[in-house]
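What follows is one structure encoded as structure tokens, with my remarks underneath.
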Amino acid sequence: MTFQHTTSNELYLYGNALIISSNGGYTFNCIDIFNEREDGVINKFRTNDGSYAFSTTKNDIWFGNSNYGRSVKILSSKDSLYKNYPYYSINPIYIENSKLKVIEMYYDSVLNFNIKEVDIYNALNKYSSKNELICPYKHISINCKKEPEIVRVILDSKDSYLPHHIYLEKNEFYNFTATVYLEDNFNIENSDLMFSLNNFDHTKLNINKTIDRINRKIDYEISINDQGNLNNQYEPGKNLELRNLVTTFNGLNYKCLLNDKRNSHSHDIEQTLPNLIIYSGCPPFQNISVVFDEKYYKGCPYKNGIPCVFYEDSIDPIFQITDLITNTTANFTGFYTIEAIAGGTKLENIKDYSYSIKRKVNPRANAGNLKLIWSPSEAFSTNPSMMTLEKNQISFICSKGSPCKKVFPTKFFGSTVYFLKFRMSSNKVNQSNSYCKFSIDFIIQLYGVPLDFTTSTYILIGGLAIFILFTILLGLYMVHRQLRNIKISDSYSFDNDKKYI
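Set out below in structure tokens:
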């Protein structure tokens, strides 16, 4: 009987060997060798955090765990009530709470199916008793930190177990200690808890082992370090690099899994081996916001909740990062750039600048023919649009030909008002400090911009034209009124002359 090459998640069948790859086929480990005469062809299997289950062409269900040993038959087709029906088949669905869900399908005039549960631990207990398995260690205790900043969830820090996963920002460390308490009849010198990463490209693993022969225990100090060599920045939670820290123990078997299950309610016992998922990149659940001092909301031409600034003054926005897990907010302390991206004389008619306009109105190093709208009060020579928390003042220039220079007063003899939309971004400029890319747009009211010569001329000509027109109309009105008075006077004189005749 031959085996077919079947793939599902991380499991592969090659010949009669069941192999696993935790890195998409980059490396493989053989976890079981099957007896062809007994097991037949493997049709279906599933994986779940190191555990797997599969069915065979004989409709037997097998379970295994890549950490604890070989595959174990936990359900035989001989035990099924439907085994004699036509087209009978059984397949595992998923593993949950130590129960394996399986689906049985059979044909009885119509296609029927049945969902059942298989107690994995009960089956493993029978297997361990039959084979007289002894776990090489009594239990494993974990001492670690589970701050929300690194695990991105709220966990009970008193429980002695590793979190399911952690997030490492650029060059961050995560340290924990694992203590193995050995069985009395096992040689402590030959006992070892082995840690491995599926990929060392971006993560470094350091392990310090200390043997306590008196108390028959071994301490492992583990340090996981992000190497800081990811090439790009991303928004929080996007495009994270995944690493798996996998742990095994020499002589490990399913009796250890049963021991951990038995002690799962104790706070100093680790339920399973200390495996860990490591995400490198920008941790999720972070938001950026911009805040302004209260003074920027006073005396504004428009009372619309948008901060305003007089042309001759400067404005200093503060950018803050809010952690949505801990509900804490802190100032953004890295490098970022500011760019004017849109503008308009009214809030409702703000229009985006074209690419060419943005290159002219924003400060750039070694660039000519600029028509700057703004400039940092303290500019970096390498990148004039780059700013920091300490150097965050924006001054306004409104050079000749810039959009904010060609603005008419909102009222006759009133102030000029121009709405500016800026974009803050930490992309690329803060790459040496963080994997996170933050960006946010904000709008300000700029008022009191001096009129340029063309605008002043237009206003002067317009005002003069209005004055001349008003003078002409007033003169015509006065002439018309004078003529009317003369006509009335002449009519009165004519009536008096008739009276005397």
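To convert a position in the sequence shown, counted from 1, into our numbering, add 116. For every residue, glycine included, the Cβ atom is placed at its ideal position computed from N, Cα and C. Note that the structure is a prediction, hence the values are computed from the model and not measured.
Report the partner residues of residue i according to the DSSP bridge assignment.
i, result
"G618", "Look at the range of the chain in this structure, 117 to 617, and you will see that residue 618 is not part of it."
"V296", "I256 and I334"
"E233", "K217"
"K544", "Paired residues: none, contrary to the question."
"S312", "V362"
"D557", "R539"
"T326", "D335"
"C251", "DSSP, once it has assigned bridges, lists no residue as partnering C251."
"K320", "N341"
"S225", "In the DSSP output, where bridge partners are listed per residue, S225 has none listed."
"L562", "V425 and Y534"
Can you tell me where the beta strand (DSSP E) with residue i in it begins and where it stops?
i, result
"A458", "Y452 to G460"
"E265", "Here E265 belongs to no beta strand (DSSP E); instead the alpha helix (DSSP H) covers P264 to V267."
"S244", "No beta strand (DSSP E) contains S244, which is instead part of the alpha helix (DSSP H) from I236 to K246."
"N360", "E357 to F365"
"N301", "Element bounds for N301: n/a, residue is neither H nor E."
"R186", "G185 to L191"
"Y283", "H281 to L284"
"L271", "Run containing L271: none; DSSP gives neither H nor E here."
"Y395", "L392 to S396"
"D195", "Here D195 belongs to no beta strand (DSSP E), and DSSP marks it neither H nor E."
"N145", "N145 to I149"
"N622", "Nothing can be reported for residue 622, as the shown portion of the chain is limited to 117 through 617."
"L368", "No beta strand (DSSP E) contains L368, which DSSP labels as neither H nor E."
"L134", "A133 to I136"
For residue i versus residue j, is the C-beta spacing smaller than 8 angstroms?
i, j, result
"G459", "P519", "yes"
"F512", "Y395", "no"
"D335", "T295", "yes"
"M502", "T453", "yes"
"K700", "L298", "The chain is shown only over 117 to 617; residue 700 falls outside these bounds and no answer can be derived."
"E285", "S550", "yes"
"K320", "Q343", "yes"
"L389", "I236", "no"
"C552", "C416", "no"
"L392", "I282", "yes"
"N132", "I147", "no"
"F618", "I338", "Absent from the structure is residue 618, since the part of the chain shown begins at 117 and ends at 617."
"T498", "F451", "no"
"V406", "M540", "yes"
"L562", "L592", "no"
- Could you tell me whether the stretch 230 to 242 touches the stretch 184 to 197, using the rule of 3 or more Cβ pairs below 8 angstroms? yes
- Task: Report the residue ranges of all alpha helix (DSSP H) runs contained in full by the stretch 408 to 476; include only those spanning at least 4 residues, in chain order.
- Result: none
- Query: Is the stretch 506 to 516 touching the stretch 409 to 422 in the sense that three or more CB pairs, one from each, lie closer than 8 angstroms?
  - Reply: no
- Query: Counting only runs that start and end within the stretch 481 to 521, where is the beta strand (DSSP E) found for 3 or more residues in a row?
  - Reply: 490 to 492 and 510 to 512
- Could you tell me whether the stretch 218 to 231 touches the stretch 192 to 203, where touching means 3 or more Cβ pairs closer than 8 angstroms? yes
- Task: Could you tell me whether the stretch 554 to 561 touches the stretch 467 to 476, where touching means 3 or more Cβ pairs closer than 8 angstroms?
- Result: no
- Item | Sufficient close CB pairs (3 or more, under 8 angstroms) joining the stretch 256 to 271 to the stretch 208 to 223 | no
- Report yes or no: do the stretch 307 to 321 and the stretch 349 to 360 share at least 3 C-beta pairs separated by less than 8 angstroms? yes
- Message: With a threshold of 8 angstroms, are at least 3 pairs of Cβ atoms found where one atom belongs to the stretch 582 to 598 and the other to the stretch 479 to 499?
- Response: no
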